[in-house]
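In full-length UniProt numbering, the protein residues as written are 3 to 338.
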Ligand code: AHM
Ligand code: MG
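Structure (structure tokens):
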């Protein structure tokens, strides 16, 4: 019976990644081990996020609690957890975190073949009010012959071997691509395991939602202004689009992936490069979008073709349903 089979034959994230890797005879299981450690970090953050409100009762973040120990802020705590999980996997080499000014070069005895770029807890303005936040990561393989330098992570996003995010929302959701489509997993708290719940995610070809911080409209350029005006007052007789903006990239991108539509953080007069960071925000999300059949565009070209110059570089980003990104491209290229 199919329904019973579903319940007794659990596709955990580890099993799924092992299956995917078995298609590559040269794979040594290193990526599986690395991803397992990332998953561990996400489980830890998930549990901490759900207790964040409680933690406030015994002492403010950054304060000392009743035991007299310093309480770490959630984003600092998450960063420490991920760095430890990544280094202890023995599979990493160069790490870039949003929380660290400089890249972390893993000590020789613990080095492996992978570089990981990550934002341990994105959407920090949403922590204190209980709105969804998330972890974003991208994985590069060390360049042929490299011992591990900054050059290994200053690569276009198209060379990533895997990317994903974990959303700490009403449930804890892990979305992953190793370059063969996108799959979504939900944490079963009773098992402590991520179970495949959204196999082979494909973004709808066209959406009915636009997602942008409209408070910046005063400083937008003409194409962005026109796009949003068209979304509200369509000239072709179609219904206006709905506006959804959470202000947590992981949550806004997750909704875009599942429901379709466009998410944008465009350039504006105050921020000519937008706000979002290329390596650990724009690249992983663009990788997932393309793998799900959508597009990611910077306003000038394909987002995954950017060659970052510095690890904390920013870029404008328009990502989402294939047709919706075509619309913004046409506006930028043709002015209508
Ligand atoms: P953060 O890394 O400081 O949390 O900022 C990134 C977040 C994204 O999650 C989100 O898409 C964006 O900032 C929202 O910015 P704004 O508040 O300007 O709309
Ligand atoms: Mg961030």
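Note that beta-carbon positions come from the ideal geometry of N, C-alpha and C, so glycine has one too.
Nearest to residue 234 by C-alpha distance, out of 251, 249, 214, is 214. One Cα belongs to residue 163, the other to residue 239, and the distance between them is close to 42 Å.
If you check the CB distance, residue 155 and residue 281 come in under 8 Å. Chain-ordered, the residues whose CB falls short of 5 Å from any heavy atom of the ligand AHM come out as 124, 125, 126, 215, 249, 250, 251. Spanning the alpha carbons of residue 13 and residue 94 requires a straight line of approximately 26 Å.
Collapsing the DSSP output to three states places residue 127 in a helix.
In this structure, residue 320 sits near residue 266, with a CB-CB distance shorter than 8 Å. Around the beta carbon of residue 314, fewer than 16 other beta carbons sit within 10 angstroms, so the residue counts as exposed. By the Cβ-count criterion, residue 193 is exposed, with fewer than 16 other Cβ atoms from all chains shown falling within 10 Å of its own Cβ. Taking the Cβ of residue 101 as the reference point, every heavy atom of the ligand MG lies at 7 Å or farther away. With fewer than 16 neighbouring CB atoms inside 10 Å of its own CB, residue 311 falls in the exposed class. Contact between residue 283 and residue 124 holds, since their C-beta atoms are separated by about 7 Å, short of 8 Å. In the structure shown, residue 297 falls within a strand segment according to DSSP collapsed to helix, strand and coil.
Here the stretch 208-223 makes contact with the stretch 252-266; the two share three or more CB pairs at distances below 8 Å. Beyond the five residues adjoining it in sequence on each side, residue 207 comes within less than 7 Å, by CB distance, of 323, 324, 325 in the same chain, given in chain order. Shown here, residue 165 sits in a strand according to DSSP, grouped into three states.
In the three-state reduction of the DSSP assignment, residue 176 falls in the strand class.
In the three-state scheme derived from DSSP, where H, G and I count as helix and E and B as strand, residue 287 is classed as helix. Around the beta carbon of residue 159, 16 or more other beta carbons lie within 10 angstroms, which makes this residue buried.
Rounded to the nearest whole angstrom, the CA to CA distance from residue 133 to residue 174 is 13 Å.
Residue 116 and residue 178 do not touch by the CB rule: their CB atoms are close to 15 Å apart, not below 8 Å. Residue 335 places its beta carbon 8 Å or farther from that of residue 299. Annotation for residue 121 indicates a beta carbon within 7 Å of some heavy atom of the ligand MG. Residue 140 sits in a strand when the DSSP states are folded into three classes. Using a Cβ distance threshold of 8 Å, residue 84 and residue 122 count as a contacting pair. Residue 283 has its CB nearer than 7 Å to a heavy atom of the ligand MG. Taking C-beta atoms under 8 Å as the contact rule, residue 270 and residue 218 qualify, at a distance of about 5 Å.
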